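J.: Read top to bottom, the protein sequences are chains A and B.
When you line the first sequence up against our numbering, it's residues 24 to 362, in that order.
When you line the second sequence up against our numbering, it's residues 24 to 362, in that order.
This is the structure I have questions about; it appears just below.
2 protein chains.
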Amino acid sequence: MDIAKPYLLFLGDVRDQLAAKTASGIVDWRPEWCVGQMRLPGCRADCGLPDLTIAEARARGAQTMVVGAVNAGGVLPDRWIANIVEALNAGLDVATGLHVRLASIPAIAEAARSNGRRLHDVRFSELTFATGKGTKRPGLRILTVGTDCSVGKKYTALALEREMRKAGLAADFRATGQTGVLISGRGVAIDAVIADFISGAAEWLCPANEPDHWDVVEGQGSLFHPSFAGVTLGLLHGAQPDAFVVCHEPTRKTMRGVQHPLPSIADVIDRTIVEGRLTNPAIRCVGIAVNTQNLDDTAAQRCLEETAAAHSLPCVDPVRYSVKPIVDLIVATYHGQNA
Amino acid sequence: MDIAKPYLLFLGDVRDQLAAKTASGIVDWRPEWCVGQMRLPGCRADCGLPDLTIAEARARGAQTMVVGAVNAGGVLPDRWIANIVEALNAGLDVATGLHVRLASIPAIAEAARSNGRRLHDVRFSELTFATGKGTKRPGLRILTVGTDCSVGKKYTALALEREMRKAGLAADFRATGQTGVLISGRGVAIDAVIADFISGAAEWLCPANEPDHWDVVEGQGSLFHPSFAGVTLGLLHGAQPDAFVVCHEPTRKTMRGVQHPLPSIADVIDRTIVEGRLTNPAIRCVGIAVNTQNLDDTAAQRCLEETAAAHSLPCVDPVRYSVKPIVDLIVATYHGQNA
Numbered sequence: 024m025d026i027a028k029p030y031l032l033f034l035g036d037v038r039d040q041l042a043a044k045t046a047s048g049i050v051d052w053r054p055e056w057c058v059g060q061m062r063l064p065g066c067r068a069d070c071g072l073p074d075l076t077i078a079e080a081r082a083r084g085a086q087t088m089v090v091g092a093v094n095a096g097g098v099l100p101d102r103w104i105a106n107i108v109e110a111l112n113a114g115l116d117v118a119t120g121l122h123v124r125l126a127s128i129p130a131i132a133e134a135a136r137s138n139g140r141r142l143h144d145v146r147f148s149e150l151t152f153a154t155g156k157g158t159k160r161p162g163l164r165i166l167t168v169g170t171d172c173s174v175g176k177k178y179t180a181l182a183l184e185r186e187m188r189k190a191g192l193a194a195d196f197r198a199t200g201q202t203g204v205l206i207s208g209r210g211v212a213i214d215a216v217i218a219d220f221i222s223g224a225a226e227w228l229c230p231a232n233e234p235d236h237w238d239v240v241e242g243q244g245s246l247f248h249p250s251f252a253g254v255t256l257g258l259l260h261g262a263q264p265d266a267f268v269v270c271h272e273p274t275r276k277t278m279r280g281v282q283h284p285l286p287s288i289a290d291v292i293d294r295t296i297v298e299g300r301l302t303n304p305a306i307r308c309v310g311i312a313v314n315t316q317n318l319d320d321t322a323a324q325r326c327l328e329e330t331a332a333a334h335s336l337p338c339v340d341p342v343r344y345s346v347k348p349i350v351d352l353i354v355a356t357y358h359g360q361n362a
Numbered sequence: 024m025d026i027a028k029p030y031l032l033f034l035g036d037v038r039d040q041l042a043a044k045t046a047s048g049i050v051d052w053r054p055e056w057c058v059g060q061m062r063l064p065g066c067r068a069d070c071g072l073p074d075l076t077i078a079e080a081r082a083r084g085a086q087t088m089v090v091g092a093v094n095a096g097g098v099l100p101d102r103w104i105a106n107i108v109e110a111l112n113a114g115l116d117v118a119t120g121l122h123v124r125l126a127s128i129p130a131i132a133e134a135a136r137s138n139g140r141r142l143h144d145v146r147f148s149e150l151t152f153a154t155g156k157g158t159k160r161p162g163l164r165i166l167t168v169g170t171d172c173s174v175g176k177k178y179t180a181l182a183l184e185r186e187m188r189k190a191g192l193a194a195d196f197r198a199t200g201q202t203g204v205l206i207s208g209r210g211v212a213i214d215a216v217i218a219d220f221i222s223g224a225a226e227w228l229c230p231a232n233e234p235d236h237w238d239v240v241e242g243q244g245s246l247f248h249p250s251f252a253g254v255t256l257g258l259l260h261g262a263q264p265d266a267f268v269v270c271h272e273p274t275r276k277t278m279r280g281v282q283h284p285l286p287s288i289a290d291v292i293d294r295t296i297v298e299g300r301l302t303n304p305a306i307r308c309v310g311i312a313v314n315t316q317n318l319d320d321t322a323a324q325r326c327l328e329e330t331a332a333a334h335s336l337p338c339v340d341p342v343r344y345s346v347k348p349i350v351d352l353i354v355a356t357y358h359g360q361n362a
């Protein structure tokens with residue numbers, strides 16, 4: 024899956040900004056890939072891009088219309104179909120992270136076929152993978168792991184990529200979820216592959232590379248989440264990270280969607296090392312990323328300082344502040360340079 | 024998936040007994056479900072059942088023809104198609120564990136449709152599962168786990184079911200692989216489900232039950248296998264076993280299909296408890312099942328005795344000898360009775 028850029032972001036007529044979070048994520052991290060947004064009457068989301076028609080977007084070079092909004096249930100509202108067909112007729116590819124496959128809608132399938140355009144259902148994986156081999160590959164890898172789902176693993180990985188490049192390192196974000204795939208233009212929704220091939224898909228995602236090249240792999244789930252730990256473990260084994268960053272949301276009481284309490288950060292560090300050693304005996308934790316959005320500035324700063332001291336590791340909020348302290352440790356540890 | 028019984032076992036014209044191991048497994052464990060076998064000229068496998076034509080099998084009450092043989096690559100040889108169509112025309116359902124879907128072959132799909140018969144591709148899962156919830160369910164569960172793949176987890180689980188029933192316990196084998204599904208007539212090939220739903224599928228497989236009822240869950244892979252540990256962990260979390268048995272093959276040097284050495288039995292016990300506690304804090308090991316087929320009788324006996332002493336647990340070969348020592352411990356531990 025390699026999605027042609029730049030994008031026109033289709034927001035439809037969603038009722039709030041949260042429903043456009045896929046589009047927001049793309050704008051936050053890849054503004055240079057976004058020529059504009061397209062909104063239908065009644066849309067209450069705004070990604071701050073120029074409002075364009077499909078023809079205007081095409082004139083500005085757009086290659087793909089990304090359906091960057093979700094309806095309840097991930098379904099595609101009938102009223103959006105005409106816009107998607109129009110985009111295909113205008114020569115754009117179309118990408119979505121919806122639950123429904125674009126090609127399962129006859130009008131869309133026909134428009135794609137007759138115009139020779141590609142449909143990207145990034146929630147589904149059409150690729151065939153080998154089973155994981157577990158053999159050490161050249162190149163460096165860093166994985167974001169979490170105390171829970173939805174604690175900032177994708178944003179942390181993207182912030183690491185940006186800051187590592189700023190520090191002069193060769194670093195590439197490797198997407199493992201649908202929004203990440205749209206943000207990076209490639210990758211695999213790892214939770215959508217057949218169970219036998221989780222680690223094999225992860226090996227495919229971050230293959231052998233130059234010895235000083237970093238793959239920054241977006242983590243999924245948590246080793247402590249009873250719904251998704253299998254995905255997390257297969258991804259850990261396949262990614263065989265040299266380094267990992269623990270992501271955490273300090274105000275959450277139970278894990279997302281279940282009754283289980285959150286594990287401690289120390290538990291996650293220890294368990295990730297124990298399990299990760301199977302495919303990379305050198306695995307180590309290089310930092311902690313805390314999502315402090317529910318704390319005021321004083322509380323956030325105190326939380327980061329206390330967490331850093333408790334674990335003797337750099338601790339940052341990658342969105343509110345910067346991941347530079349973690350990247351400084353990476354540079355010092357793996358590239359023999361002091362920041 | 025609930026496969027109608029009894030079965031006619033179709034062996035085709037395979038060159039050796041190993042190619043008929045699915046059929047052999049069914050005969051070993053469910054002889055009462057097998058009305059006979061059907062062999063084509065040149066077949067060198069024999070499951071010791073009466074050789075029947077499809078009409079004869081139908082007359083003896085057969086409901087499903089099980090393709091219990093595999094060709095190299097799991098493909099369906101063209102010359103078997105006529106036999107499958109004949110079975111459908113005679114009113115039998117057809118089940119296989121091949122890589123190819125029966126319904127993808129037009130002649131077979133058409134015969135099934137026109138005769139109103141069912142096609143079971145047990146390697147594939149057509150079911151839609153919920154994500155795992157991790158909530159403790161009533162009922163008792165025992166899982167077989169392994170130091171590696173293919174060390175006897177299925178046979179151990181089936182032997183436990185048999186011996187537990189003999190001891191007066193309510194016990195049901197729960198299949199998680201294709202051969203197990205054919206042996207039990209139901210279940211799910213857990214490695215074929217979408218990664219997000221591994222633990223959810225396991226929860227579906229062994230749902231809430233009577234407080235003293237045992238589900239005997241067939242394990243898959245190994246927590247220490249770099250290709251499949253994600254499947255193993257998701258199955259462990261979803262099965263939430265009260266008890267587990269470690270399966271081991273003492274002469275194997277590296278894990279199946281990869282370069283990794285086998286973990287020790289003690290490692291597997293410890294890791295299974297650490298991970299299994301997430302969904303069942305009471306998890307404990309109740310025995311060790313060693314596949315001693317590569318040892319002579321003296322060496323086998325010594326191996327079992329030494330392993331039992333080293334771990335202070337009953338240690339058996341479930342095929343060569345008996346799992347009774349493990350069941351005795353289960354009865355004493357969970358049902359308050361001495362053997």
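C-beta atoms are modelled at their ideal positions from N, C-alpha and C, and glycine is treated no differently.
Remember, predicted model here, so these are calculated numbers, not experimental data.
1) Rounded to the nearest angstrom, how far is the Cβ of Ala180/B from that of Glu241/B, given a contact under 8 angstroms?
2) In angstroms, rounded to a whole number, what distance separates the CA positions of Gly310/A and Ile349/A?
3) What residues in its chain sit with their C-beta under 8 angstroms from that of Asp219/A, if we drop five residues either side in the sequence?
4) Does the distance from the C-beta atom of Ala68/A to that of Leu115/A stay below 9 angstroms?
5) When Cβ atoms are compared, which residues of the segment 145-174 of chain B fall closer than 8 angstroms to chain A?
6) For the segment 257-276 of chain B, list every residue whose C-beta sits within 7 angstroms of some C-beta in chain A, in sequence order.
7) Taking one C-beta from the segment 261-276 of chain A and one from the segment 274-285 of chain B each time, how about it: are there three or more such pairs within less than 8 angstroms?
8) When DSSP labels each residue in this structure, what does Phe247/B get in the three-state scheme?
9) What three-state label does DSSP hand Met386/A in the structure shown?
10) Starting from Gly253/A, trace the alpha helix (DSSP H) in both directions and tell me its first and last residue.
11) Say whether chain A places a C-beta atom closer than 9 angstroms to the C-beta of Gly242/B.
12) Taking Cβ-Cβ distances shorter than 7 angstroms, what residues in chain B pair up with Val254/A?
13) Who are the neighbours of Asp214/B on chain A, taking C-beta pairs under 8 angstroms?
14) Buried or exposed for Ser137/A, going by 16 or more other Cβ atoms inside 10 Å?
15) At what residue ranges does the segment 277-351 of chain B contain a whole run of the alpha helix (DSSP H), taking only runs of 4 or more?
16) If you follow the alpha helix (DSSP H) that Thr45/B is part of, which residue opens it and which one closes it?
17) Quick check: the Cα distance between Val342/B and Trp52/B, rounded to an integer number of angstroms?
18) Output, in chain order, the set of chain A residues within a Cβ distance shorter than 8 angstroms of Pro284/B.
19) Chain A beta carbons: is any one of them nearer than 9 angstroms to that of Gly203/B?
20) Taking Gly97/A as the reference, which of Leu75/A, Val123/A and Gly261/A has the closest Cα?
21) With a threshold of 9 angstroms between beta-carbons, can Ser287/B be considered close to chain A, or not?
22) Run through chain B and tell me which residues come within less than 9 angstroms of Ser127/A, C-beta to C-beta.
23) I'd like to know if Arg294/A contacts chain B, where contact means its C-beta is closer than 9 angstroms to some C-beta of that chain.
24) Can you name the residues of chain A whose CB is closer than 8 angstroms to the CB of Gly223/B?
25) Would His143/A and Ile217/A be called neighbours here (beta carbons separated by less than 9 angstroms)?
26) To the nearest angstrom, report how far apart Asp39/B and Asp101/B are at their CA atoms.
27) Considering only the beta carbon of each residue, do Ala42/B and Cys70/B sit closer than 9 angstroms?
28) Which residue from Ala231/A, Thr87/A, Pro129/A and Gly91/A puts its Cα closest to that of Gly48/A?
29) Give me whichever residues DSSP pairs with Asp25/B in a beta bridge.
30) Suppose the cutoff is 8 angstroms on Cβ atoms and the five residues either side in sequence are ignored; what does the same chain contact list for Ile296/B look like?
31) What is the DSSP secondary structure of Thr202/A, reduced to helix, strand or coil?
32) Quick one: list the residues of chain B neighbouring Thr302/A, beta-carbon separation under 8 angstroms, in chain order.
33) State the CB to CB distance for the pair Leu258/B and Ile221/B, rounded to an integer number of angstroms; the pair is presumed to be in contact (CB under 8 angstroms).
34) Would you be able to state if there are at least three C-beta pairs under 8 angstroms between the segment 225-241 of chain B and the segment 189-202 of chain B?
35) Thinking C-alpha only, which one of Val168/B, Asp171/B, Cys172/B and Ile107/B is nearest Arg140/B?
36) For Ile77/A, name the three-state secondary structure that DSSP assigns.
T.: Looking at the atomic coordinates:
1) 5 angstroms
2) 6 angstroms
3) Thr154
4) Leu115/A is positioned such that its CB atom lies no closer than 9 angstroms to that of Ala68/A.
5) Thr154, Gly155, Lys156, Gly157 and Thr158
6) Along the segment 257-276 of chain B, going in chain order, the ones with a CB nearer than 7 angstroms to a CB of chain A are Gly257 and His260.
7) Taking 8 angstroms as the limit for Cβ pairs, the verdict is that the segment 274-285 of chain B does not touch the segment 261-276 of chain A.
8) coil
9) The structure shown does not extend to residue 386/A, since chain A spans only 24 to 362, so no value can be given for it.
10) Ala252 to Ala262
11) No - not a single Cβ of chain A is within 9 angstroms of the one on Gly242/B.
12) Ala218, Asp219 and Gly253
13) Ile217, Ala218 and Asp219
14) Classification for Ser137/A: exposed.
15) 288-299 and 320-334
16) In this chain, the alpha helix (DSSP H) harbouring Thr45/B covers Lys44 to Trp52.
17) 11 angstroms
18) For a Cβ distance threshold of 8 angstroms, nothing in chain A lies close to Pro284/B: the least Cβ distance comes to about 11 angstroms.
19) No - not a single Cβ of chain A is within 9 angstroms of the one on Gly203/B.
20) The alpha carbon of Gly97/A has as its nearest neighbour, out of Leu75/A, Val123/A and Gly261/A, the alpha carbon of Val123/A.
21) no
22) Going along chain B, no residue has its Cβ under 9 angstroms from Ser127/A, so there is no contact; the nearest lies around 15 angstroms.
23) yes
24) Ser250
25) no
26) 19 angstroms
27) Result no, Cβ atoms of Ala42/B and Cys70/B do not sit closer than 9 angstroms.
28) The residue from Ala231/A, Thr87/A, Pro129/A and Gly91/A with its alpha-carbon nearest to that of Gly48/A is Gly91/A.
29) Arg209/B
30) Only Ile306, Arg307 and Cys308 meet the Cβ criterion.
31) The DSSP-derived three-state label of Thr202/A is helix.
32) Pro249
33) Between Ile221/B and Leu258/B the Cβ distance is about 6 angstroms, and since that is below 8 angstroms, they are a contact.
34) yes
35) The candidate whose alpha carbon is nearest that of Arg140/B is Ile107/B.
36) helix
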